[in-house]
Amino acid sequence: MSTPEHHEEEPVTKNGFTDPGLAHHRPRRADVEPKADRRAERQVAALFGLSALGTIIAIWAYFGLDAGDGSDVDAVHRMNLWIGIGVFLAMVGIGFGAIHWAKTLMRDHEMVEERHALRTSDENREAAIQNLKDGVTDSGLGTPDEAGTGVKRRSLLKGSLITALAIAPLSVLVPQIGNMGSDWNISKFRHTMWGPGVRLTRDPDGSPIKAADVTIGSVFHVIPEGLNDLEHHEKMAEKAKAVVLLLRLNPEDLKIQEGREDWSFDGVIAYSKICTHVGCPVALYEQQTHHLLCPCHQSTFDVSDGAKVVFGPAKRPLPQLPISVDDDGYIVAQNDFDEPVGPSYWTRLKGDSTTEATSVEEESH
Amino acid sequence: MHAIARRRHHKAAPLLLVLALLALITGVAAIAAPSTAAATETASADDIATGEALFAANCASCHGLDAEGQDGVAPSLVGVGAAAVDFQVGTGRMPMQASGPQAIAKKAQFTQDEIDQLAAWVSSLGAGPAVPTAEQVDASLGDAANGMEVFRTNCAMCHGSIGGGGALTQGKYAPSLLETTPTHIYEAMLTGPQSMPVFNDANITPENKRDVIAYLTAQQEGSPGGLSLGAIGPVSEGFWAWLVLLGLIIGATVWVGARSS
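The listed protein sequences correspond, in order, to chains A and B.
First residue of the first sequence? That's 1 in the numbering used here, and the numbers climb one at a time after it.
First residue of the second sequence? That's 366 in the numbering used here, and the numbers climb one at a time after it.
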């Protein structure tokens with residue numbers, strides 16, 4: 001069809017590479033077949049038409065479909081779906097139509113744009129360097145006046161500019177560091193809301209739990225009594241430390257830890273819900289194996305054996321909350337946890353005046 | 366021939382056959398009887414007898430003829446109540462198809478009448494939780510918003526935020542609740558099947574249980590956004606965005622750059 005004129009020419013060789021020249025022009029089907037031309041035109045028109053149809057669908061869906069008051073999920077779903085389909089067609093129809101038009105019908109010929117040299121002319125380079133030099137001289141910040149231009153030396157400006165530049169980043173850094181380190185009181189990690197006589201109550205409604213309510217195989221998600229009375233921010237901070245799981249095992253299955261003989265009764269036992277790895281709530285309790293699984297990193301604790309770690313990255317057992325029953329038959333804490341709950345931190349084992357961190361858990365590893 | 370026959374038939378097989386025959390006869394009689402009411406309200410002596418026969422034929426090989434279980438094979442069913450039987454057999458978990466990390470839900474192997482008869486017999490062995498009434502599991506009477514809060518505190522860590530299910534350890538898993546009937550959801554909370562802990566009425570009150578059912582029923586109705594992608598959050602949504610949507614965009618880009626024929 002086309003003449004292979006490019007191949008007749010003498011190949012140009014540059015830097016050891018032969019320039020293959022331009023590929024010979026191959027006309028598109030629409031260029032040579034009037035039928036294909038008309039077909040492409042119809043396709044483009046159809047895509048634009050599809051776009052118009054999409055607009056109509058979107059407007060129809062907005063006004064024509066009834067989403068009700070939002071309580072009927074299917075109706076909302078239907079409306080979202082049709083508006084989405086309409087907008088999609090409206091946008092995609094225009095885009096694809098325009099590109100199809102350009103590709104099949106608009107002028108099709110190869111063009112060559114020669115690349116310019118990247119290097120600036122020597123003239124411009126010299127001028128740029130001279131500009132910089134003039135600037136330094138005019139500012140008076142440079143070396144003493146050698147050229148004899150008569151410009152005064154301005155050391156006050158030099159000093160104040162350097163000071164301003166040096167301290168400017170502080171405007172961003174100080175507030176950030178201030179926010180980060182506003183509270184360095186880590187002793188509060190050591191204590192929770194639990195204390196002598198504090199009732200174990202249900203999460204979220206805060207109702208107290210009778211010992212008889214906890215049947216074998218049960219698990220209660222527990223918050224300390226009075227937590228719900230706190231103001232929101234404080235409540236969240238306290239809840240994050242104080243949440244507890246209350247379980248009852250068949251007493252035959254429960255291995256009581258040494259020194260904790262009176263911390264549980266009749267197989268009713270309570271453990272902190274905060275993982276000792278990085279502090280996720282450990283709440284996936286498998287009743288048959290008595291395993292407690294942390295959803296974040298799969299640390300697994302055996303609640304029938306002091307919540308010791310049987311799998312995963314956690315290093316210490318979950319702290320146990322000593323519990324008993326008060327005169328009204330409700331389950332209460334005997335005391336706060338005897339060790340800080342949750343993940344390790346740098347002074348965790350140092351202890352303080354009121355609590356002695358136990359070393360029970362360290363012995364098991 | 367005798368050797369093969371001895372190996373293939375259990376010692377109790379003749380007894381089981383007789384009991385099964387009895388069950389069939391009583392079953393046919395029960396269907397043929399023109400009684401309409403009071404069939405499910407109270408378990409009759411007939412139901413209990415039929416249930417016992419069904420149990421002997423289908424369950425006793427693991428749980429024992431007296432339903433007291435066998436160590437390491439199957440638990441005792443004395444005192445588990447009708448709710449446990451209705452859940453385990455009604456969801457097809459029992460009879461168990463094969464030993465494994467946990468019993469898998471499949472097509473129920475018995476009709477609801479047979480399940481009721483089995484439940485009548487098992488609950489006659491010792492008191493246990495009963496099958497909830499239709500009113501107790503009526504989602505339209507529950508408060509889905511409160512149900513969400515109860516679900517989030519007690520259930521979501523295993524079953525996922527909308528009850529889509531999730532993995533546990535060593536092949537065990539919390540099943541999806543999106544196809545579970547309200548009655549079976551209620552019974553599961555009440556009886557704590559398999560790995561699931563028990564949520565008795567003192568822990569989650571019957572009203573709160575109904576609220577949970579209302580919440581899950583609302584989830585079963587579908588997602589207003591359309592494709593929920595398992596409702597497991599950024600993981601599946603990321604897969605969709607990166608693989609499917611980005612794939613489409615790359616495809617469109619290739620088409621834009623390709624020469625027209």
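A virtual CB, placed ideally from N, CA and C, is assigned to each residue, including glycine.
When we look at the beta-carbon of residue i and count the other beta-carbons within 10 Å, is it buried (16 or more) or exposed?
i, result
"HIS233 of chain A", "exposed"
"PRO169 of chain A", "exposed"
"VAL214 of chain A", "buried"
"LYS133 of chain A", "exposed"
"PHE17 of chain A", "exposed"
"LYS574 of chain B", "buried"
"PHE63 of chain A", "exposed"
"GLY536 of chain B", "exposed"
"ALA237 of chain A", "exposed"
"LEU608 of chain B", "exposed"
"GLN477 of chain B", "exposed"
"GLN467 of chain B", "buried"
"PRO340 of chain A", "buried"
"GLU417 of chain B", "buried"
"GLY622 of chain B", "exposed"
"GLU60 of chain A", "Here residue 60 of chain A turns out to be Trp, not Glu, going by the sequence shown. So TRP60 of chain A counts as exposed."
"ASP138 of chain A", "exposed"
"LEU581 of chain B", "buried"
"GLN435 of chain B", "exposed"
"ARG202 of chain A", "buried"
"ILE527 of chain B", "buried"
"LEU161 of chain A", "exposed"
What does residue i reach in chain B if we use C-beta pairs closer than 8 angstroms?
i, result
"ASP122 of chain A", "Result: empty, since nearest Cβ-Cβ is about 40 angstroms, beyond 8 angstroms."
So which residues on chain A does residue i lean against when the C-beta distance must stay under 8 angstroms?
i, result
"GLU586 of chain B", "VAL73, ASP74"
"SER560 of chain B", "GLU286, GLN287, GLN288, THR289"
Please go through the same chain and pick out, in chain order, the residues whose beta-carbon is closer than 8 angstroms to the beta-carbon of residue i, but skip the five residues on each side of it.
i, result
"HIS277 of chain A", "CYS294, CYS296, HIS297, SER299, GLY312, PRO313, ALA314, LYS315, PRO343"
"ILE186 of chain A", "TYR345, THR347"
"PRO4 of chain A", "Residue confidence is low: PRO4 of chain A scores 43 on pLDDT, short of 50, so the model does not pin down where it sits. No coordinate-derived value is stated."
"VAL219 of chain A", "LEU245, LEU246, LEU247, TYR285, GLN287"
Taking Cβ-Cβ distances shorter than 7 angstroms, what residues in chain B pair up with residue i?
i, result
"LYS103 of chain A", "SER625"
"ALA283 of chain A", "MET522"
Quick one: residues in its chain with C-beta nearer than 7 angstroms to the C-beta of residue i, no 5 flanking neighbours on either side, listed in chain order?
i, result
"THR104 of chain A", "ARG28, ALA30, ALA40"
"THR401 of chain B", "Low confidence applies to THR401 of chain B: its pLDDT is 36, below 50, so where it sits in the model is not reliable, and the reading given next is rough at best. So no residue of the chain qualifies."
"HIS524 of chain B", "GLY530, GLY531, ALA539, LEU542"
"MET561 of chain B", "ALA553"
"ASP370 of chain A", "The structure shown does not extend to residue 370 of chain A, since chain A spans only 1 to 365, so no value can be given for it."
"GLY140 of chain A", "VAL151, LYS152, ARG153, ARG154"
"TYR330 of chain A", "ARG199, PRO208, ILE209, LYS210"
"ALA36 of chain A", "ARG29, ALA30"
"TRP486 of chain B", "ILE413, GLY416, GLU417, PHE420"
"PHE368 of chain A", "One cannot answer for residue 368 of chain A here, as it falls past the ends of chain A, which runs 1 to 365."
"VAL172 of chain A", "none"
Please go through the same chain and pick out, in chain order, the residues whose beta-carbon is closer than 6 angstroms to the beta-carbon of residue i, but skip the five residues on each side of it.
i, result
"ALA398 of chain B", "Only weak support exists for where ALA398 of chain B lies, its pLDDT of 47 falling under 50; the coordinates are left without a value."
"PRO224 of chain A", "MET193, TRP194, VAL198, ALA242"
"GLY491 of chain B", "VAL443, GLY444"
"GLY226 of chain A", "none"
"ASP69 of chain A", "none"
How would you list, in chain order, the residues of chain A whose beta-carbon sits under 7 angstroms from the beta-carbon of residue i?
i, result
"VAL621 of chain B", "ILE99"
"GLY557 of chain B", "GLY217, GLN287"
"ALA579 of chain B", "Per Cβ cutoff of 7 angstroms: no residues; ALA579 of chain B is ~13 angstroms from chain A at best."
"VAL487 of chain B", "Result: empty, since nearest Cβ-Cβ is about 18 angstroms, beyond 7 angstroms."
Please list, in chain order, the chain B residues whose beta carbon lies closer than 9 angstroms to that of residue i.
i, result
"ARG29 of chain A", "SER625, SER626"
Show which residues of chain A have a CB atom less than 9 angstroms away from the CB atom of residue i.
i, result
"ALA470 of chain B", "By Cβ distance, chain A contributes nothing, its closest Cβ being about 17 angstroms from ALA470 of chain B, past 9 angstroms."
query: Counting Cβ pairs, one atom from each stretch, are 3 or more of them under 8 angstroms apart for the stretch 415-434 of chain B and the stretch 459-469 of chain B?
result: yes
query: Per the contact definition of three or more C-beta pairs closer than 8 angstroms, is the stretch 49-59 of chain A in contact with the stretch 70-88 of chain A?
result: yes
message: Can you pull out the residues from the stretch 283-307 of chain A whose beta carbon lies closer than 9 angstroms to at least one beta carbon of chain B?
response: ALA283, LEU284, TYR285, GLU286, GLN287, GLN288, THR289, HIS291, LEU293, PRO295, GLN298, THR300
message: Quick check: the stretch 545-565 of chain B against the stretch 499-506 of chain B, are at least 3 beta-carbon pairs closer than 8 angstroms?
response: yes
field: Residues of the stretch 193-220 of chain A whose Cβ lies closer than 9 angstroms to any Cβ of chain B, in chain order
entry: ARG202, ASP203, PRO204, ASP205, ILE209, LYS210, ALA212, ASP213, VAL214, THR215, ILE216, GLY217, SER218, VAL219, PHE220
- prompt: Looking at chain A, which residues of the stretch 513-547 of chain B have a Cβ within less than 7 angstroms of any of its Cβ atoms?
  reply: GLU514, THR518, ASN519, MET522, CYS523, LEU533, THR534, LYS537
field: Members of the stretch 434-463 of chain B that neighbour chain A once the beta carbon cut-off is set at 7 angstroms
entry: none
query: Is the stretch 315-324 of chain A touching the stretch 258-278 of chain A, taking contact as three or more C-beta pairs under 8 angstroms?
result: yes
task: Please list the residues of the stretch 594-611 of chain B that have a C-beta atom closer than 7 angstroms to any C-beta atom in chain A, keeping them in chain order.
output: none
Stretch pair the stretch 260-268 of chain A + the stretch 238-248 of chain A: three plus CB contacts closer than 8 angstroms: yes
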